[in-house]
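Trainee:
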Amino acid sequence: MEIFDILDKFSFEQMKNVLVIQPHPDDAEIGCGNVIARLRDNNATIHYLTVTDGSLGITDEKFEKDIVRIRRLEAEASGRFLGASDFRFLNHADGSLESIPELAGELAEAIRETKPDLILSPDPWLTYEAHNDHIVTGKAAAQAFISSGLLRYPGNTATPPHQAGFIAFYFTENPNYVVDVSDNMEDMFKAIAMHESQIDEKTMQLYRMYFTYRASMIGQEKGYRLGAGLKILQPVMMHCFTEAGYYKP
Ligand SMILES: [Zn+2]
Numbered sequence: 052m053e054i055f056d057i058l059d060k061f062s063f064e065q066m067k068n069v070l071v072i073q074p075h076p077d078d079a080e081i082g083c084g085n086v087i088a089r090l091r092d093n094n095a096t097i098h099y100l101t102v103t104d105g106s107l108g109i110t111d112e113k114f115e116k117d118i119v120r121i122r123r124l125e126a127e128a129s130g131r132f133l134g135a136s137d138f139r140f141l142n143h144a145d146g147s148l149e150s151i152p153e154l155a156g157e158l159a160e161a162i163r164e165t166k167p168d169l170i171l172s173p174d175p176w177l178t179y180e181a182h183n184d185h186i187v188t189g190k191a192a193a194q195a196f197i198s199s200g201l202l203r204y205p206g207n208t209a210t211p212p213h214q215a216g217f218i219a220f221y222f223t224e225n226p227n228y229v230v231d232v233s234d235n236m237e238d239m240f241k242a243i244a245m246h247e248s249q250i251d252e253k254t255m256q257l258y259r260m261y262f263t264y265r266a267s268m269i270g271q272e273k274g275y276r277l278g279a280g281l282k283i284l285q286p287v288m289m290h291c292f293t294e295a296g297y298y299k300p
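FYI, in the numbering used here the residues of the sequence shown are 52 to 300.
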């Protein structure tokens, strides 16, 4: 018997309530827009949570004064297009995240309120990830994931505890699961293009080429025309568990 045999089995089709956590408006669409579209097609309820206000994403002086409002509208439009039904904005200043425990408490509240089966978050252990907002968000999501089932976490909470069954990291170099997104890439590109303040036509063309190439490579091993790689873990695997790296859901 293997240790994994006694743990819950993962079924993508059974993930009907999903919390998508993104450090900045646009990370979810770029990192896993195809997966979100596939969840939508499976009739999942999708909640979006954006940690920072995206205020550093000024690509043109014309956006200078209004960038936070514009990015919020873009996040809502693209998220809604991918099937999200509610949106939370923690409004931390872009580039300012420092405290993992503090953010973990805020994320745990959102987990307790939305009661997801699955949480999507950027992988904070991506080897050369240099953006601190991504590292702090990913680690805080992981801490919130393993702690939101505790009766008194975060301190003074009045919301009943909730334990999500699985976390799936996007922007990962160590995927252990491939989602068939053969019919979902177009929606991902449409959603990315809705971030008009961030992405011009040339970047969009590059994204289209690169992400399609990558998806065909990832899909190959499973026999899918296009695939998306995720690192999926269960709560028990994210604390003092030496076999987490070998888990194949
Ligand atoms: Zn980002």
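Glycine included, each C-beta is placed from N, C-alpha and C at the ideal position.
If you check the beta carbons only, do G82 and Y264 fall under 7 Å apart?
Mentor: no
Trainee: Quick check on this structure: which residue in A279, K241, A195 has the alpha carbon closest to the alpha carbon of H290?
Mentor: Comparing Cα positions, the closest option is A195.
Trainee: Spatial neighbours of I186 within its chain, please: CB distance less than 8 Å, with the 5 preceding and 5 following residues excluded, ordered by chain position.
Mentor: P175, E180
Trainee: Within the same chain, show all residues whose beta-carbon is closer than 7 Å to that of V230, passing over the 5 residues directly before and after it, in chain order.
Mentor: F63, V86, R89, G278, A279, L281
Trainee: List the endpoints of the continuous alpha helix (DSSP H) containing K282.
Mentor: Looking at the DSSP string, K282 is not in any alpha helix (DSSP H); the run it does join, the beta strand (DSSP E), is 278 to 284.
Trainee: Measuring alpha carbon to alpha carbon, tell me which of T188, I109, G216, T208 ends up nearest P74.
Mentor: T188
Trainee: Short check: CB of V119 to CB of D104, under 7 Å?
Mentor: yes
Trainee: Compare the C-alpha of Y258 against each of Y228, A95, G84, H182 and name the closest.
Mentor: G84
Trainee: Please determine, among M268, A95, V69, the residue with the shortest C-alpha to C-alpha distance to A161.
Mentor: V69
Trainee: Roughly how many angstroms separate the alpha carbons of T254 and M260, rounded to a whole number?
Mentor: 10 Å
Trainee: Among the candidates T110, D78, N94, whose CA atom is the shortest distance from the CA of V102?
Mentor: D78
Trainee: Who pairs with P173 in a beta bridge, going by DSSP?
Mentor: Y221
Trainee: As a quick check of your reading: which residues have a C-beta less than 5 Å from at least one non-hydrogen atom of ligand 1, in chain order?
Mentor: P74, H75, D78
Trainee: Should I283 be labelled buried (16 or more other beta-carbon atoms within 10 Å of its own) or exposed?
Mentor: buried
Trainee: Where does D231 fall in DSSP's three states?
Mentor: Three-state DSSP puts D231 in a strand.
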